[in-house]
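Asker:
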Amino acid sequence: MSTEKILSSDGIPLEISLKKAERKNKLKALMLVGPLFLFLIITYIFPIGDMLFRSVDDRMITQKLPNTFAALEKWDGKELPDEATYEAFYKDFYPLAINKEAGKLYQRLNYEKSGFSSGLKKTNRTIKKFEKANYKEQFMATHKIWKDVDYWIALKNTAPNWSYAKYLKGLDLKFDQDRNIIQQDEDRRIHKILWLRTIKVAFWVTVFCFLLAYPISHLLATLPMKYSNLLMICVLLPFWTSLLVRTSSWMVLLQQQGPINDLIVWLGWAADDNRPELMYNVVGTFVAMTQILLPFMVLPLYSVMKTISPSLMRAGKSLGGTPFTAFRQIYFPLTIPGIGAGCLLVFILAIGYYITPALVGGASGSLISNTIAYHMKSSLDWSFAAALGSMLLVGVLTIYWIYNKLVGIDNIKLG
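So the sequence shown is numbered by the numbering used here: it starts at 2 and just counts up by one.
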């Protein structure tokens, strides 16, 4: 048997030439997908990583008050700290006050316990007049927070550089002085209500989108082409209109003197001086989101129904089944991939929806996304906003994982 190698025209073994050409092709392919990969890293992976980092990063306070936390390590939290702790706080806080670098400290500690900001600001104005002795007495005379053990406990609880306290806060929990997890104060327990409201609104929006979209999709799939295309334009028309415009139109329709309330009064379902509140509550959020997200349910259902042959239903009827039996046993099971895709898509979009609840929901119709936006833009508690965003992301991924286990992601059909 000959072991002579086959050579290419340039004298290089053919096997080596083929491998070299294959490497060039792979390199070209990588160069083509490289910009997209880089785009995903910059716009998706990096922001998510930064969000996760911010949600647990709590180094700012310990960096500004190192002596204070060293002194608080020996404190049992039962009575006010000793003179040495107050002196350590003076050594940390005095340079911040002189150099006007205490702003972030006010803000961060006020997130931990309300009242810290005003106390620190007053201390900032008076600390320059402190004498170099009796620090405890001078601090207590400056503001009441320095006489309250709870404020010192709150300060001590911020000691860890990396903490999941923001995640606990998102579930209306917190640490006590012994680092045990306990319930938040009753007047600060708002996030569980927001989570439950968000899940409930997303669930019912998905249910009603399915109930409305199923007959519409069936009609689209069975009508003659010229009528089907016309109806499809009506379904797609909202996509050609700005989301802000669509939401604003619902504000006009749902207001107390709007067309829907006028119709309710005209039909005699309500008195003119007792019109129902359809906006700035959960009702407004639910109605507007259902209409806006309806196309995301229609399109997956339509794409599946269009592939189902009408002869299957005729065969079921010819074998003795009633129209309902044929629908239940033949047609409906074949549409389950479209149902799964539509429900998953609508639910995930609804659970993180922001602009519609913000405009038509009011205080009682706001969802967790509105709270995230509030902490990003108004309170500037970015670490808490990042924690809430991370919890929402984990929730969506969990829903996706459960769906994959129960139904199978391979059974989804989007078109």
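We put the beta carbon where it would ideally sit given N, CA and C, even for glycine. Values in this document were obtained by computation on a predicted structure and should not be read as measured data.
I need the straight-line Cα distance from V246 to K170, nearest angstrom please.
Answerer: Those two C-alpha atoms are separated by around 35 Å.
Asker: Among A316, G339, M280 and L268, whose alpha-carbon lies nearest the alpha-carbon of P296?
Answerer: Ranking A316, G339, M280 and L268 by Cα distance to P296 puts G339 first.
Asker: Do L154 and L106 have their C-beta atoms closer together than 9 Å?
Answerer: The residue you asked about is not Leu; residue 154 is Ile in the sequence shown. No. Outside cutoff.
Asker: Threshold first: 4 residues or longer. Then list the alpha helix (DSSP H) segments lying entirely within the stretch 81–155, N to C.
Answerer: Correct list: 84–99, 104–113, 117–127 and 136–143.
Asker: Note down the Cα distance separating L220 from M226, rounded to an integer number of angstroms.
Answerer: In a straight line, the C-alpha of L220 is about 11 Å away from that of M226.
Asker: For the stretch 34–49 and the stretch 77–89, state whether three or more C-beta atom pairs, one from each stretch, are separated by less than 8 Å.
Answerer: Output reads no: the stretch 77–89 does not touch the stretch 34–49.
Asker: Please confirm whether M252 and M280 have their CB atoms less than 9 Å apart.
Answerer: In this structure, M280 lies closer than 9 Å to M252 by Cβ.
Asker: Is the beta carbon of L1 less than 9 Å from the beta carbon of I400?
Answerer: Only positions 2 to 416 of the chain appear in this structure, which leaves residue 1 out of reach.
Asker: On the DSSP letters alone, give me the boundaries of the beta strand (DSSP E) that L174 sits inside.
Answerer: It spans L174 to F176 - the beta strand (DSSP E) in which L174 sits, taken as one unbroken run.
Asker: State yes or no: is the C-beta of I146 within less than 9 Å of the C-beta of F94?
Answerer: No, Cβ-Cβ distance for I146 and F94 is not below 9 Å.
Asker: In terms of residues, what are the limits of the beta strand (DSSP E) holding I182?
Answerer: First-last of the beta strand (DSSP E) with I182: I182 to Q184.
Asker: Apart from the five residues just before and just after Y355, which ones in its own chain have a Cβ nearer than 7 Å to its Cβ?
Answerer: S370, N371 and A374, listed in sequence order.
Asker: Within 10 Å of its beta-carbon, does N275 have 16 or more other beta-carbons around it, so buried, or fewer, so exposed?
Answerer: Looking at its Cβ environment, which holds fewer than 16 other Cβ atoms inside 10 Å, N275 is exposed.
Asker: Nearest CA to the CA of A134: which residue from N26, W270, V283 and K92?
Answerer: Residue K92 is the option with its Cα nearest to A134.
Asker: Any idea what DSSP makes of D188, helix, strand or coil?
Answerer: Reduced to three states, the DSSP call for D188 is helix.
Asker: How far does the alpha helix (DSSP H) with W251 in it extend, from its first residue to its last?
Answerer: Segment L244 to L255, the alpha helix (DSSP H) holding W251.
Asker: Taking the Cβ atom as the reference point for each residue, do G317 and T308 lie within a distance shorter than 9 Å?
Answerer: Result no, Cβ atoms of G317 and T308 do not sit closer than 9 Å.
Asker: Output yes or no for whether 9 Å exceeds the beta carbon distance between D173 and H144.
Answerer: Cβ atoms of D173 and H144: not closer than 9 Å.
Asker: Who pairs with E163 in a beta bridge, going by DSSP?
Answerer: Note that residue 163 corresponds to Trp in the displayed sequence, not to Glu. Paired residues: D58.
Asker: Anyone know if the C-beta pair for Y423 and M377 falls short of 9 Å?
Answerer: The structure shown does not extend to residue 423, since the chain spans only 2 to 416, so no value can be given for it.
Asker: Going by beta-carbon coordinates alone, are V347 and M298 separated by less than 9 Å?
Answerer: Cβ atoms of V347 and M298: closer than 9 Å.
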